[in-house]
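See below for the structure under consideration.
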Amino acid sequence: MELSPLESTSSQRAPLSKEAQFYYAGLPSGPHLVGRSSTSLWEAPSWPEAYNKPKVLGTVGRHAIRDVWEGNLSCKVVEHLDSKKVAWTSIDVVRISYVEESFRPVILWIGVQPESLSVEDGTKVACSCKEILIQSGINNVDVEIRESLVTSLEGLKLLAPAFTFDPTVDIRNPLTSTLGLPISSKLTPSSEGTGGFFIAEGGSSKRLFLITARHVVFKPNRDDNSTFEQKSPSAPRREVILLGDAAFRKFLESIQVAIGDKALMIQYLERYIAKVKDVAGDVAEKECTNAGDELAKVKEAMDTLNTFYGDVSTRWASPDRRVLGYVVYSPPIECGFSTEQYTQDFAVIEIDLSKIDGTNFEGNVIDLGTKIEPGAFTRMMYPNLQNAHTFEYPEDRLLRLKGTIRDKDMRHPPALDQNGEPCLMVIKHGNTTGLTIGRANDIRSCVHNYHEKGTTHFSMEWAILPLDNKSGAFSAPGDSGAVVADGSGRIGGIITSGAGWTEAKDITYATSINFVMKGIKAKFPKAHLNPDLRT
159 MELSPLESTS SQRAPLSKEA QFYYAGLPSG PHLVGRSSTS LWEAPSWPEA YNKPKVLGTV
219 GRHAIRDVWE GNLSCKVVEH LDSKKVAWTS IDVVRISYVE ESFRPVILWI GVQPESLSVE
279 DGTKVACSCK EILIQSGINN VDVEIRESLV TSLEGLKLLA PAFTFDPTVD IRNPLTSTLG
339 LPISSKLTPS SEGTGGFFIA EGGSSKRLFL ITARHVVFKP NRDDNSTFEQ KSPSAPRREV
399 ILLGDAAFRK FLESIQVAIG DKALMIQYLE RYIAKVKDVA GDVAEKECTN AGDELAKVKE
459 AMDTLNTFYG DVSTRWASPD RRVLGYVVYS PPIECGFSTE QYTQDFAVIE IDLSKIDGTN
519 FEGNVIDLGT KIEPGAFTRM MYPNLQNAHT FEYPEDRLLR LKGTIRDKDM RHPPALDQNG
579 EPCLMVIKHG NTTGLTIGRA NDIRSCVHNY HEKGTTHFSM EWAILPLDNK SGAFSAPGDS
639 GAVVADGSGR IGGIITSGAG WTEAKDITYA TSINFVMKGI KAKFPKAHLN PDLRT
């Protein structure tokens, strides 16, 4: 099918149809449909509530496209889009279906810049890409184009993780050394990201490093994209702080909300006790006693939270007291780097050992918190009873990370999802969205990076999808740098960007840990993932 280069502009695009607006209802960012190769009729709902018939993304699993995608099929699609001057942003291979339907078709899902492609041209492009699939022997995959942007998801001794029944158990997490540390450069505290994972320099060195995405601590629009290295102890330092401006305000607000919740509970229990104590009988007397015990616990918890708020709002208020360390090494950001074609985007931060030591450092651990009950968490991570696993929810909530996910397992997951399809379930703890669970896709995505000076770069990325239609996005801006791991504690990679129509991301992109560690070891050859400050 021959097509001339497209000449669509935003001014040529007709008003959005109902199909364009609601075709992807239910996905985190609700992207607009531009064009599709399928000819199946999309029926406009007859009442507003029907627009809420949600769709959900799924990993590919068993399908012939897995065997040819990274061979040359992805290259053919990219070359075709470029030849037609399509302003594409990402190319994903996913399953897209309505939540309640068992039929889950595989879709070649192309993202384009908003208002860059008309519906007519979008349909032509989708159909021509479909022809490429057919020529490669893939006859049962349709092509859909949507509007989508790929964006970066960018003092005091830290606290030890709290016991499960401590009133501050979930709130204090940002001030502990558990993974998901909310960080920013001291020079740009309004731009925030996440500390991914720790490494030891190795050998005789006692230095502890934290790894994050480079764009978290160096801003592409203000810093040179060249290798940074702290060569001299006396040279000015690129300091990194815990909790940037917005994160610190959000942290204080979360404590105030918790205090307010306790105050409301105290009022309720006092009213309840006053009512029950006038009721005669042993049952009412026992109920009154139990409510009194609960009231005492809530008052104690409120006192603890008030003390905690006073400490944080005074002792931690100055950014100088939240300095965690400083950047010692960061190579330039490069898209499509080396033969793997991942994005090279990492920075190495040396930790101030007066802030983290053997008394508050547990190693590379993710605090699972208390919001997801242990049984529910286990079912989410291992949704199919056929999965052979020895997972036991950690009694202290700390999932200890050890080892890495092999690239082979990323492309051929050894476990199954609830539909019996191969699927790798993963978790992350980020600065913005906290603890989330997602599905790692078994086919890498093509990403087209656009820069302010008009340059573009291509890369291949490990794609993470939301858990389901109710879980929300796996990540959001501020989660860049967060580590992604599986239920066995194997590290898979770090988050660098995400694709979506809004700040909510339909798909999260990460760089393989094996690729990242290769870059780190080029500078620190003895570095390893098992730091221990107790020795």
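Just so we're aligned, residue 159 is where the sequence shown starts under the numbering used here, counting upward by one. For glycine and all other residues, C-beta sits at the position ideal for the given N, C-alpha and C. For clarity, every value in this text was computed on a predicted model and none was experimentally measured.
ask   = Between lysine 377 and the rest of its own chain, which residues show a CB-CB distance below 7 Å, the 5 nearest in sequence each way excluded?
value = Thr346 and Ser349
Limits of the alpha helix (DSSP H) - the one that arginine 304 falls within = Element bounds for arginine 304: not the alpha helix (DSSP H) but the beta strand (DSSP E), 300-305.
message = Run through the DSSP bridge pairs and tell me what tryptophan 227 is partnered with.
response = None, per the DSSP bridge assignment.
ask   = Less than 8 Å separating the beta-carbons of glycine 588 and serine 633?
value = yes
task = Would you check if there are 3 or more beta carbon pairs closer than 8 Å linking the segment 222-230 to the segment 328-341?
result = no
key: Cβ shell of alanine 505 (< 8 Å), same chain only, five flanking positions each side left out   = Ile369, Thr370, Ala371, Arg372, Val374, Val375, Phe376, Phe386, Val485, Tyr487 and Ser488
inquiry  = Please list the terminal residues of the continuous alpha helix (DSSP H) segment that includes glutamine 293.
reply    = 277-293
inquiry  = What does the Cβ neighbour count give for asparagine 230, buried or exposed, with the cut at 16 atoms within 10 Å?
reply    = exposed
request  = Taking valine 674 and glycine 651 to be in contact with their CB atoms under 8 Å, please state how far apart those CB atoms are, rounded to whole angstroms.
outcome  = 7 Å
ask   = With burial defined as no fewer than 16 other Cβ atoms inside 10 Å of the residue's Cβ, what is the status of glutamine 502: buried or exposed?
value = buried
ask   = Beta carbon of isoleucine 254, beta carbon of serine 232: below 8 Å?
value = no
key: Closest residue to proline 532 among Asp515, Pro552 and Arg473 (Cα-Cα distance)   = Pro552
task = Can you say whether leucine 543 is buried or exposed, counting buried as having 16 or more other CB atoms within 10 angstroms of its CB?
result = exposed
query = Quick one: complete beta strand (DSSP E) runs, 3+ long, within the segment 473-511?
reply = 481-488, 492-495, 500-502 and 505-509
query = Taking Cβ to Cβ, would you say threonine 247 is nearer than 8 Å to alanine 657?
reply = yes
ask   = If you compare alpha carbons, which of Thr309, Leu191 and Lys344 is closest to alanine 668?
value = Thr309
ask   = Measuring CA to CA, which of Gln271, Gly216 and Val264 is closest to aspartate 191?
value = In the sequence as displayed, the identity of residue 191 is leucine instead of aspartate. Considering only alpha carbons, the answer is Gln271.
query = Looking at the structure shown, is phenylalanine 673 part of a helix, part of a strand, or coil, going by DSSP?
reply = helix
key: Segment contact flag, the segment 260-277 with the segment 179-196, C-beta cutoff 8 Å, min 3 pairs   = yes
query = Is it a yes or a no for the segment 411-424 touching the segment 382-400, going by three-plus beta-carbon pairs under 8 Å?
reply = no
request  = Taking only the alpha-carbon atoms, compute the straight-line gap between methionine 423 and lysine 408 and give it to the nearest angstrom.
outcome  = 23 Å
Inter-residue spacing [alpha-carbon to alpha-carbon] between cysteine 604 and glutamate 237 = 12 Å
Buried/exposed call for proline 689, threshold 16 Cβ in 10 Å = buried
task = Starting from isoleucine 355, follow its DSSP beta bridges and name the residues at the other end.
result = Note that residue 355 is phenylalanine in the sequence shown here, rather than isoleucine. DSSP, once it has assigned bridges, lists Ile369 as partnering phenylalanine 355.
request  = Report the partner residues of tryptophan 246 according to the DSSP bridge assignment.
outcome  = Val270
request  = Might you give, ordered along the chain, the residues of its own chain that have their beta carbon closer than 8 Å to the beta carbon of serine 169, omitting 5 neighbours on each side?
outcome  = Any reading at serine 169 needs caution, since the residue's pLDDT is 38, under 50, leaving its predicted position unreliable; the model's value is listed next. No residues qualify anywhere along the chain.
request  = Taking 8 Å as the cut-off, decide whether the C-beta atoms of arginine 597 and leucine 623 are in contact.
outcome  = yes
request  = Report back the beta-carbon spacing between isoleucine 595 and methionine 583 to the nearest angstrom; my notes put them in contact at under 8 Å.
outcome  = 6 Å
inquiry  = Could you tell me which whole beta strand (DSSP E) segments of length 3 or greater appear in the segment 380-420?
reply    = 397-400
key: Identity of the residues DSSP links to isoleucine 341 by a beta bridge   = Gly351 and Leu400
ask   = With 16 other CB atoms within 10 Å as the buried threshold, where does valine 437 fall?
value = exposed
task = May I ask you to report which of helix, strand or coil DSSP gives glycine 533?
result = helix
task = Take the Cβ of tyrosine 540 as the centre, count every other Cβ of all protein chains shown within 10 Å, and call the residue buried at 16 or more, exposed below.
result = buried
task = Compare the C-alpha of proline 340 against each of His221, Ile665 and Arg480 and name the closest.
result = Arg480
task = Kindly list the residues whose CB is nearer than 8 Å to the CB of leucine 410, restricted to its own chain and excluding five residues on each side of it in sequence; keep chain order.
result = Tyr467, Val470 and Ser471
key: Span of the alpha helix (DSSP H), counted from its first residue to its last, around glutamate 177   = 176-180
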